[in-house]
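All remarks here apply to the structure that follows.
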């Protein structure tokens with residue numbers, strides 16, 4: 001799947017390209033399914049080019065079977081069912097990826113469903129837990145609670161016994177977030193999340209906020225934070241430039257953190273993936289976390305998948321099927 005030119009979903013097209021070959025420390029995966037992420041939309045529009053050396057093809061996560069091993073690879077064998085965190089190349093039949101970014105298909109999850117996990121889980125785990133250090137009994141506020149990131153964050157927050165509050169943009173998404181474990185769900189189109197969070201926490205506020213909106217929420221997020229709270233910004237869906245009240249930041253002894261995953265060095269990604277395997281994969285096996293899949297479309301319908309995300313229709317992940325599992 002290639003982008004013929006920067007623009008709308010209609011610019012996505014199926015194209016024959018040369019099969020990748022696994023280099024030293026890499027594995028070759030015959031892709032079964034790929035996850036669709038908002039970063040993919042940005043790349044299609046020409047606003048999010050791949051990092052140097054990465055595939056020009058869109059796709060930041062996939063699942064499939066290992067069909068080739070590069071020199072020096074240990075711990076994997078031909079035929080292993082896996083999923084992988086990618087810097088690009090997921091919308092394809094084959095992809096080469098560093099072995100440190102590959103995870104075994106978790107117990108209790110189908111190979112297709114596994115494509116919903118790598119980018120989402122690695123993003124949530126690295127930001128909420130490895131960076132912001134969410135602890136039991138703290139309050140986590142998740143913006144975009146019905147998204148792939150949001151549905152994962154809700155479940156992981158509850159798995160560590162945190163109070164979880166989520167925001168959504170439609171009443172139709174409230175029930176699913178509650179089913180996944182959210183204690184409170186706020187329709188931001190109807191209610192001010194700052195006031196609701198203060199009410200349900202009896203004035204304490206949110207200890208950790210995971211934000212994908214960016215600039216428009218910066219001031220309100222700061223007013224929502226608890227003392228010693230941590231705001232983690234992982235997206236700019238609403239804009240990139242906002243105003244920060246440093247006096248409020250100092251008074252709350254708070255922290256504003258911002259991260260990206262795609263452009264990190266291979267070693268950093270491998271460390272995140274290893275932590276996910278140690279800490280999150282057991283939660284999937286025992287039922288505390290499950291991938292939430294909105295729909296699965298053929299790879300040829302990637303344009304429709306992008307339209308679904310652009311319209312914010314989905315609850316959970318949209319997946320593309322590259323071959324029958």
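In the UniProt record's numbering, the protein residues as written are 1 to 325.
Just so you know, even glycine gets a beta-carbon here, dropped at the ideal spot from N, CA and C.
Bear in mind the structure is a predicted one, so any value in this text is a computation, not a measurement.
For residue i, which of helix, strand or coil comes out of DSSP?
| i | result |
| --- | --- |
| residue 196 | helix |
| residue 230 | strand |
| residue 306 | helix |
| residue 61 | strand |
| residue 159 | helix |
| residue 56 | coil |
| residue 140 | strand |
| residue 77 | coil |
| residue 18 | coil |
| residue 127 | helix |
| residue 44 | helix |
| residue 324 | coil |
| residue 178 | helix |
| residue 167 | strand |
| residue 120 | helix |
| residue 190 | coil |
| residue 9 | helix |
| residue 100 | helix |
| residue 184 | strand |
| residue 147 | strand |
| residue 94 | strand |
| residue 26 | strand |
| residue 87 | coil |
| residue 153 | helix |
| residue 172 | helix |
| residue 33 | strand |
Are the CB atoms of residue j and residue i within a distance shorter than 7 Å?
| i | j | result |
| --- | --- | --- |
| residue 182 | residue 206 | no |
| residue 58 | residue 43 | yes |
| residue 32 | residue 325 | yes |
| residue 331 | residue 87 | As shown, the chain starts at 1 and ends at 325. That puts residue 331 outside it, with no answer to give. |
| residue 306 | residue 28 | no |
| residue 83 | residue 67 | no |
| residue 98 | residue 26 | yes |
| residue 65 | residue 79 | yes |
| residue 148 | residue 317 | yes |
| residue 303 | residue 61 | no |
| residue 22 | residue 284 | no |
| residue 255 | residue 93 | no |
| residue 214 | residue 238 | yes |
| residue 300 | residue 3 | no |
| residue 272 | residue 133 | no |
| residue 156 | residue 124 | yes |
Nearest-angstrom Cα distance between residue i and residue j?
| i | j | result |
| --- | --- | --- |
| residue 260 | residue 269 | 11 Å |
| residue 35 | residue 258 | 23 Å |
| residue 20 | residue 212 | 33 Å |
| residue 161 | residue 121 | 18 Å |
| residue 195 | residue 150 | 21 Å |
| residue 163 | residue 69 | 43 Å |
| residue 81 | residue 224 | 43 Å |
| residue 168 | residue 188 | 6 Å |
| residue 293 | residue 243 | 36 Å |
| residue 179 | residue 216 | 28 Å |
| residue 128 | residue 152 | 11 Å |
| residue 38 | residue 48 | 10 Å |
| residue 203 | residue 209 | 16 Å |
| residue 185 | residue 177 | 7 Å |
| residue 392 | residue 288 | The shown model of the chain, from 1 to 325, leaves out residue 392, and the question about it has no answer. |
| residue 30 | residue 146 | 30 Å |
| residue 8 | residue 310 | 10 Å |
| residue 24 | residue 319 | 29 Å |
| residue 17 | residue 248 | 53 Å |
| residue 85 | residue 72 | 19 Å |
| residue 103 | residue 280 | 11 Å |
| residue 313 | residue 12 | 20 Å |
Minimum length 3: unbroken beta strand (DSSP E) runs contained in the stretch 200 to 224: Within the stretch 200 to 224, complete beta strand (DSSP E) segments of at least 3 residues are found at 206 to 211, given in chain order.
Any 3 or more C-beta pairs closer than 8 Å across the stretch 263 to 280 and the stretch 136 to 144: Taking a cut-off of 8 Å for Cβ pairs, the stretch 263 to 280 and the stretch 136 to 144 do not touch, as fewer than three such pairs fall below it.
The stretch 193 to 201 touching the stretch 234 to 249, judged by at least three CB pairs closer than 8 Å: no
Stretch-stretch touch, CB-based, cutoff 8 Å, three pairs: the stretch 107 to 121 with the stretch 130 to 140: No: fewer than three Cβ pairs fall under 8 Å.
Ranges of the beta strand (DSSP E) found wholly within the stretch 243 to 314, counting only runs of at least 3: 255 to 258, 293 to 298
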